[in-house]
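If you read the sequence shown in the working numbering, its first letter stands for residue 1087, the second for the next number, and so on.
Only one structure is covered here, and it is reproduced in the block below.
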Amino acid sequence: MTEDRSSIRELIPVIALFTIAKLALHLFTHAGYGYFRDELYYLACTEHLAAGYVDHPPLSVFVLWLVRQGLGDSLLALRLVPALAGSATVGLVGAMAARLGGGRWAVALAMTGALVAPVFLALDHIYSMNALDLFFWALAGYLVIGIVQQGNPRRWCLLGLVLGLALLNKISVLWLGAGLLVGLVITPERRWLKTPWPWVAGAIATAVFSPHVFWQMRNGWPTAEFIKNATGEKMAEVAPLDFVLGQVGMLLPFALPLWLAGLLFLFLHRKGKSYRILGWVYVAVFLILMLSGSSRSNYLAPAYTWLFAAGGVAAAGLLSRPRLTWLRPTALIALAILGAVVAPLALPVLPVDAYLRHAEALGQQPATEERKELGQLGQFFADMHGWEEITDTVVAVHRGLPPAEQAIARVFAPDYGVAGAIDLFGRRQGLAPVLSGHNSYWLWGPGDADGRVLLVVGGSEEELRPLFSQLDRAATIDCGLCIPYENGNPVWIGRDLRLPLAELWPNIKHYD
């Protein structure tokens, strides 16, 4: 299994070409549909800077705060960071393929696989911690390859810093840490455990992550409560076979031979076995997630960055035989074409009607990994619709109030999506900060709201009427293609809470 080798310096143009293509793709499609639910929540979080939030650590919020200060909160401003992170991730896939001994075809095949993977396209389209998560895992994989190759102990310090920052971005990086520990114990790299360097790396990661741990302690470990509730009440059960099949679908079925060849390369090939630690990281995390019974398929997505890299080396080497060389460009072109066909399922590049026809032609039905009703669109695309319509309805109700009540009225939203939307769009039209019991909104508290006039989005008359001296239904939400549970909700005007809002607040918390 050989391939014409090129120096890493000679491969820079190839790596740069795919990296730029990835960036251009996301910048070109950045305005598809609209703001995503989580983007609205992250924007709200930037107005409450802290060392943590109920459902995520602080790094992604601080990055967004910097973006918002410099570029504003337009879709382009928000989606510039995930586009850059995504392009850097694809670049790291190419760099790992080169470090593993691949030449031009190996790098090109590896980066094509990463470029067209639907899960990478989706996660790199919106602002959230997930695009940064892909980048940090890929960077960690690149550093592990460097440690194996060069044996430079100081690289452990850099790896510790990367893992610490990655934890400040997403706690699930603990799975990566567990996988690395398994890989160290099982492979010859266990020699490092007799040195202080892996322990130094762990100490650095712990120190970087510690502010968030202290925040959790001060606030009663809200993330533990959130995970418990989300796992038991929100997330749908995922059978082991469904989790396995999900890996194939999220990465493009045609790419299965590529990343599977990468896994086999790491375990079986004489050159790849030196990097078997990365294979064990993948296997360990795979088993943790599969056996949990509730993990989404995309939780494992970051680990495929180095499998694509190793797969590019394996495939290019296998296809270097004289009678098979023609298959290298054929495989690359076929992967790119099939990726382009499937891309509209992950990127909002088509008008909704055209998307629905395209999805039907490919046999795709609306999907979600949560216990939620769906409409025409799957959850990912549905959560990019309806937010301005919801806000406009609430604003119209607010403007219909007498001037004295407009001055004191506050909006209470059922979830962070609606709350974030009204905070972003409604504040521009004179609404006060929104109240909600969902996740970090509950932690931020009621502030100076006194409950004399509340515009309540959602909820039933039976549960709300006992709370107010007067309750009137003022409007009904029509948000079109939004997720169904946001559509058709009433907007109530509640006047004069019977109990102080501060007394009611502990009872409205829902972390999920």
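Glycine is no exception: its CB is placed at the ideal position from the N, C-alpha and C atoms.
Reduced DSSP secondary structure (H/G/I, E/B, other) of residue i
i            : result
residue 1496 : strand
residue 1188 : coil
residue 1378 : helix
residue 1213 : coil
residue 1557 : strand
residue 1412 : coil
residue 1088 : Its pLDDT being 45, under 50, residue 1088 is placed unreliably in this model, and the coordinates cannot settle the point.
residue 1522 : strand
residue 1273 : coil
residue 1257 : coil
residue 1582 : strand
residue 1435 : coil
residue 1100 : helix
residue 1444 : helix
residue 1471 : coil
residue 1516 : coil
residue 1596 : strand
Residue i versus residue j - alpha carbon distance
i            : j            : result
residue 1203 : residue 1155 : 32 Å
residue 1370 : residue 1269 : 8 Å
residue 1426 : residue 1347 : 22 Å
residue 1175 : residue 1493 : 48 Å
residue 1525 : residue 1316 : 11 Å
residue 1478 : residue 1581 : 21 Å
residue 1355 : residue 1414 : 20 Å
residue 1469 : residue 1236 : 46 Å
residue 1556 : residue 1523 : 22 Å
residue 1331 : residue 1169 : 27 Å
residue 1353 : residue 1361 : 8 Å
residue 1536 : residue 1497 : 12 Å
residue 1278 : residue 1358 : 19 Å
residue 1516 : residue 1114 : 33 Å
residue 1509 : residue 1583 : 23 Å
residue 1206 : residue 1337 : 8 Å
residue 1152 : residue 1141 : 20 Å
residue 1311 : residue 1109 : 37 Å
residue 1218 : residue 1259 : 11 Å
residue 1430 : residue 1442 : 10 Å
Among the options, nearest to residue i - alpha-carbon criterion
i            : options                : result
residue 1378 : 1338, 1324, 1394       : 1324
residue 1234 : 1108, 1111, 1301, 1266 : 1266
residue 1565 : 1289, 1288, 1452, 1120 : 1120
residue 1187 : 1431, 1095, 1257, 1381 : 1095
residue 1100 : 1195, 1338, 1549, 1468 : 1195
residue 1504 : 1552, 1568, 1352       : 1568
residue 1380 : 1215, 1329, 1545, 1518 : 1329
residue 1198 : 1595, 1259, 1296, 1107 : 1107
residue 1146 : 1516, 1302, 1255       : 1255
residue 1482 : 1563, 1111, 1499, 1210 : 1563
residue 1060 : 1122, 1399, 1260       : As displayed, the chain neither begins before 1087 nor continues past 1598, which places residue 1060 out of reach and without an answer.
residue 1579 : 1372, 1545, 1474       : 1545
Whole-angstrom C-beta distance between residue j and residue i, which should lie under 8 Å
i            : j            : result
residue 1466 : residue 1208 : 6 Å
residue 1547 : residue 1476 : The pair is not a contact, with the Cβ atoms about 20 Å apart (cut-off 8 Å).
residue 1150 : residue 1132 : 5 Å
residue 1532 : residue 1521 : 6 Å
residue 1273 : residue 1366 : 6 Å
Pair every Cβ in the region 1400-1420 with every Cβ in the region 1176-1191, then say whether three or more of these pairs are closer than 8 Å. yes
Any chance the region 1383-1394 sits against the region 1214-1230, with 3 or more Cβ pairs inside 8 Å? yes
With three or more beta-carbon pairs closer than 8 Å as the criterion, would you say the region 1242-1252 touches the region 1276-1294? yes
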